[in-house]
Each structure stands twice: as structure tokens, then as C-alpha cells.
Amino acid sequence: MKETTYETFNRGRLYFDLGDYIEAARILKAIADDEPGSRSILELLGRSYFHSAQLARAEETFRRIIELDPCDSWAHIALARSLERQSRDEEAAPYRRMHAAMSGGSLD
Numbered sequence: 001m002k003e004t005t006y007e008t009f010n011r012g013r014l015y016f017d018l019g020d021y022i023e024a025a026r027i028l029k030a031i032a033d034d035e036p037g038s039r040s041i042l043e044l045l046g047r048s049y050f051h052s053a054q055l056a057r058a059e060e061t062f063r064r065i066i067e068l069d070p071c072d073s074w075a076h077i078a079l080a081r082s083l084e085r086q087s088r089d090e091e092a093a094p095y096r097r098m099h100a101a102m103s104g105g106s107l108d
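Per UniProt numbering, numbering through the sequence shown is continuous, rising by one, with the last residue being 108.
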């Protein structure tokens, strides 16, 4: 019997919670392709990429979330942190500032 998207998402979250970020990303990538507008899937996929140091993929995923919802302050700071981990601080700065403006002033 084929797993539902919900079951696959939960399996990906289980691997994420266990600290196996690479396996979580592998599982979540398949359903992200099938559900390209799902912010919850994209968020967990981006976090999995980020924590497994797949920073270009994390960046791409966080940019996708911002395309879907430009007012998502969390996605702005996640993208900023992904860029900073790639030593791209100048490119990260506008996303960090946007997060600060949306969240009441904090740059973190």
C-alpha cells in the first residue's frame, strides 16, 4: 500500500527529529516535488538541507518559500542564515533586515 503524503511527511519529520537530516531531506524531496506549494513540506525540507550543510539546496528552498509568501519572516531569516553560512554576508543582509522589520526589530 502506497504511503500518503501525510504519512511520508511524518516519516521525514521523524528522521529530522532523530537528527538524520540527510535521510529526512531525501524523503521530503519526493513529496515536495509532488506538492510544490506546501510551505510545511518546504520548511522542513529547507531545515533538513540546512542542518545537513546542503546550503545551496537550503537557499533554493527558502527562496521558494519567500516566493510563495513574501511576508514569511521566518523564511527571510532562514535564507539569511543559509547565505551567511556560505560566507555571503552582503547578500544575506537584506533578508536579515526584512526579517527584523517583520518581527519587530530583532536581527536574529
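Just so it is clear, CB atoms sit at the ideal spot from N, CA and C, and this is done for glycine as well.
Mapping DSSP to helix, strand and coil, what is residue i?
| i | result |
| --- | --- |
| D72 | coil |
| T4 | coil |
| L14 | helix |
Could you round the C-beta distance between residue i and residue j to whole angstroms and report it? I think they count as a contact, below 8 Å.
| i | j | result |
| --- | --- | --- |
| I65 | R96 | Rounded, the Cβ-Cβ distance is 16 Å, inconsistent with contact. |
| R39 | D17 | About 19 Å separates the two Cβ atoms, so there is no contact after all. |
| L83 | E60 | Incorrect: roughly 12 Å between the Cβ atoms, too far for contact. |
| S52 | I22 | 5 Å |
Nearest CA to the CA of residue i: which residue from the options?
| i | options | result |
| --- | --- | --- |
| P36 | E59, G12 and E67 | E67 |
| A101 | S73, L83, A80 and R57 | S73 |
| G19 | D34, L44, T5 and I31 | L44 |
| R88 | N10, A56 and M98 | A56 |
| N10 | G46, A75 and I27 | I27 |
| A75 | E90, F50 and K29 | F50 |
| L14 | A92, D34 and S48 | S48 |
| T5 | A25, R81 and I41 | I41 |
| P94 | L79, R85, G104 and T8 | L79 |
| R85 | M1, M98, D34 and Q54 | Q54 |
Can you give me the start and stop residues for the alpha helix (DSSP H) that residue i sits inside?
| i | result |
| --- | --- |
| M102 | D89 to S103 |
| E43 | R39 to H51 |
| D34 | Y21 to D34 |
Give a yes or no on whether the minimum CB-CB distance between residue i and chain B is below 8 Å.
| i | result |
| --- | --- |
| M98 | The structure shown has no chain B; it contains just one protein chain. |
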